[in-house]
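J.: Residue numbers (the working numbering), protein chains in the order written: chain A, 1 to 332; chain B, 333 to 664.
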């Protein structure tokens, strides 16, 4: 069922405990298993922390990591991909859709370049799986990470697609579960929940994508119109149907999050995984925002239970909050 | 609560998804973080596959692994521990109680030797936590692995005790959860279940240990008496209260498992994690059994719901099965 939804074979899917584990497995597993071929790995500058920090650790172990820049929308440029490739490149790992700004990368085209150059291609689809259609064959993907709890499944399950024939070292050595590629007692309850979540998503994805895209565009259009000096982060079209991300001049995202919360609106600034850190988002900085602008950013996510009246409510509350915060802002 | 049950501080406990992950984290994390100090690691020959195979992988990365022998009961000899220590030893990892034969190792004494020599000491307590009391301070333990589903908690949660000050590299890099030592969305539902299981075990451990030890000894005594040419694997006294492991001349454990199953009795031969492999148990071979003897082994586990009448039932059925199988055995 899960394999099928990706156009993969069952034996090409292994289950892990988290997208972080899947991403760590790919970066380290490909690196260590293909050392004899080369030590050069290409990623983008807007990867999730688990890809960035796995890459950073690999660097300390003698691997060379090259981070591709992105444009102001967060898009990787295909020319940059081609230019970065060397004789000793063993892996290119590019996030499918960014977790903060929702920008969807040209994965199919990057995959094609990888294929032409005999380089493994991995995409971190933790944010996109279940939200936009994915076919690993059409999209030239060799390895793919997806997560259960990001698409209404239970916590504790994630998957890793590994195309037949890909040479990879396990991250977890042991009893040899999951075709010898991921040892550990298999978390059956979580995986069954994950499979059910995939089944539901598959049934609804087409209609739901249309519905959310419409709501998302309404939200973006109305916020940009009602709030002066407000800007959209990420690409206006090439973005996840459930993601909106703004930045507002003169104020801090953190204060907006707190204020929105008191109105019963959940939002975030930056990535959930980095929420305890005070550093500005590396994703927004990569898109060219200054630290102060990145701090002024706000992420609003839509979901299966978001209705038009919720958009109305946010559009009513948010401008008032921004206005109030700007009044007391020391930055303006 | 969980920390407290081990005599640890809260900040010394991190949660992982499985004991396999905890064990992998210790072996690899200590190895990579302490490379500058040395590359020599000591384990026993009866560790769980996840320790053995992590060690094997480290060997391929330039680390030296020394496997201590065990006596016929599966016990590590303290003299062997002392003898194996070198200038460049960075870690000693010895299983607390073996998963197949239930033998409980002299962990406190091994820990003392480690402490005297300034070497980190890890014990894999996946089988013992919740079954016999553990105090990481009294027992000189620096790192400890324990599992939720081995003691009536849900699958998907395990813990790793890391004594304050221990230098370790994470296995999962990313958002920096669990004090930066284990990135991944924290699986709260599984951990809450784990904590509840620990609470229940703590309350019952003393009474339950007494009850199970009595039942276990009954089972062992009666089986050895009623079945000719039957032997106990593991130590008669220094063993988990819930474990009994026999070997029977002339027959295969696998056939006994199948036959017992038809009578509603669940049993196993070798480790559950290795059940798909046809190789004889490395634990039993280490105890001096020949491959044919190891293949004739049977593990019976007791638990919270085992009653005296269950022992009676096994003691009634098992001898009949052994007799029947021996009749048709080509080995006798």
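Here a beta-carbon is modelled for each residue, glycine too, at the ideal position from N, C-alpha and C.
Could you check if residue 548 (chain B) is buried or exposed, using at least 16 other CB atoms within 10 Å of its CB as the buried criterion?
T.: Counting of Cβ neighbours within 10 angstroms places residue 548 (chain B) among the buried residues, the total reaching 16 or more.
J.: Give me the subset of the stretch 142 to 165 of chain A whose CB atoms are less than 7 Å from a CB atom of chain B, sorted by chain position.
T.: 149, 155 and 156
J.: Return the CA-CA distance between residue 73 (chain A) and residue 143 (chain A), expressed in angstroms with no decimal places.
T.: 25 Å
J.: Going by DSSP in three states, residue 5 (chain A) sits in which element: helix, strand or coil?
T.: Secondary structure at residue 5 (chain A): helix, using DSSP grouped into helix, strand and coil.
J.: Can you list, in chain order, the stretches of the beta strand (DSSP E) that have 3 or more residues and sit fully within the stretch 125 to 213 of chain A?
T.: 143 to 147 and 158 to 162
J.: Based on Cα-Cα distance, which residue from A:178, A:246 and A:213 lies nearest to residue 12 (chain A)?
T.: When each option's Cα is compared against that of residue 12 (chain A), the closest is A:178.
J.: Compute the distance between the beta-carbons of residue 195 (chain A) and residue 2 (chain A), then report whether it is under 9 Å.
T.: yes
J.: Between the stretch 183 to 190 of chain A and the stretch 108 to 120 of chain A, do three or more beta carbon pairs fall short of 8 Å?
T.: no
J.: If you reduce the DSSP assignment to three classes, tell me which class residue 67 (chain A) lands in.
T.: In this structure, residue 67 (chain A) counts as strand in the three-state DSSP scheme.
J.: Please compile the residues from chain B whose C-beta is within a distance smaller than 9 Å of the C-beta of residue 319 (chain A).
T.: Listed along the chain, the chain B residues whose CB falls inside 9 Å of the CB of residue 319 (chain A) amount to none; the nearest CB is some 32 Å away.
J.: Quick check on DSSP: helix, strand or coil for residue 447 (chain B)?
T.: In the three-state scheme derived from DSSP, where H, G and I count as helix and E and B as strand, residue 447 (chain B) is classed as helix.
J.: Under a Cβ-count criterion, where at least 16 other Cβ atoms within 10 Å of its own Cβ denotes burial, should residue 524 (chain B) be classed as buried or exposed?
T.: exposed
J.: Kindly indicate which residue of B:442, B:353 and B:493 has the alpha-carbon position closest to the one of residue 341 (chain B).
T.: Of B:442, B:353 and B:493, the residue nearest in Cα terms is B:493.
J.: Under 9 Å, Cβ to Cβ, is there at least one residue of chain B near residue 344 (chain A)?
T.: Only positions 1 to 332 of chain A appear in this structure, which leaves residue 344 (chain A) out of reach.
J.: So that I know if they touch, is there some Cβ in chain A lying closer than 9 Å to that of residue 586 (chain B)?
T.: Interface residue (Cβ-Cβ distance to chain A less than 9 Å): residue 586 (chain B) is not classified as such.
J.: Would DSSP call residue 248 (chain A) helix, strand or coil?
T.: strand
J.: Give me the Cα-Cα distance between residue 575 (chain B) and residue 542 (chain B), rounded to the nearest whole angstrom.
T.: 13 Å
J.: Under 7 Å between beta-carbons, which chain B residues line up against residue 21 (chain A)? List them in chain order, please.
T.: Residues of chain B whose Cβ lies closer than 7 Å to the Cβ of residue 21 (chain A) are, in chain order, 504 and 516.
J.: Where DSSP assigns a beta bridge to residue 384 (chain B), which residues make up the other side?
T.: DSSP output for residue 384 (chain B) lists no bridge partner at all.
J.: Would you give the residue range spanned by the beta strand (DSSP E) that residue 422 (chain B) belongs to?
T.: 421 to 425
J.: Would a C-beta distance cut-off of 9 Å place residue 572 (chain B) and residue 460 (chain B) closer than the cut-off?
T.: Taking 9 Å as the Cβ cut-off, residue 572 (chain B) and residue 460 (chain B) qualify as a contacting pair.
J.: In angstroms with no decimal places, state the Cα-to-Cα distance between residue 26 (chain A) and residue 232 (chain A).
T.: 32 Å
J.: I'd like to check one pair, residue 6 (chain A) with residue 92 (chain A): are the Cβ atoms closer than 9 Å?
T.: no
J.: Could you check which residue in B:627, B:471, B:437 and B:463 has the C-alpha nearest to that of residue 566 (chain B)?
T.: B:437
J.: Residue 15 (chain A) lies in the beta strand (DSSP E); which residues open and close that run?
T.: 13 to 16
J.: Along chain A, which residues have their Cβ under 7 Å away from the Cβ of residue 430 (chain B)?
T.: Near residue 430 (chain B) there are no residues of chain A at all, since even the closest Cβ is about 15 Å away, more than 7 Å.
J.: I want to see whether chain A comes within less than 9 Å of residue 386 (chain B), judged by CB atoms only; does it?
T.: yes
J.: Any C-beta of chain B sitting closer than 9 Å to the C-beta of residue 32 (chain A)?
T.: By this cut-off, residue 32 (chain A) is an interface position.
J.: Could you name the residues that DSSP lists as bridge partners for residue 297 (chain A)?
T.: A:247
J.: So what's residue 96 (chain A) in DSSP terms, helix, strand or just coil?
T.: coil
J.: DSSP on residue 232 (chain A), reduced to helix/strand/coil?
T.: Note: residue 232 (chain A) maps to strand in three-state DSSP.
J.: Taking three-plus beta-carbon pairs below 8 Å as touching, is the stretch 399 to 419 of chain B in contact with the stretch 584 to 593 of chain B?
T.: no
J.: Would you report the Cα separation of residue 478 (chain B) and residue 355 (chain B), rounded to the nearest angstrom?
T.: 9 Å
J.: Looking at residue 485 (chain B): is its Cβ nearer than 9 Å to the Cβ of residue 457 (chain B)?
T.: The beta carbons of residue 485 (chain B) and residue 457 (chain B) sit no closer together than 9 Å.
J.: Against chain B, which members of the stretch 256 to 272 of chain A pass a CB distance test of less than 7 Å?
T.: Among the residues of the stretch 256 to 272 of chain A, none has a Cβ less than 7 Å away from any Cβ of chain B.
J.: Name the chain B residues that come within less than 7 Å of residue 137 (chain A), Cβ to Cβ?
T.: Under the 7 Å cutoff, chain B gives no residues; its nearest Cβ is about 29 Å from residue 137 (chain A).
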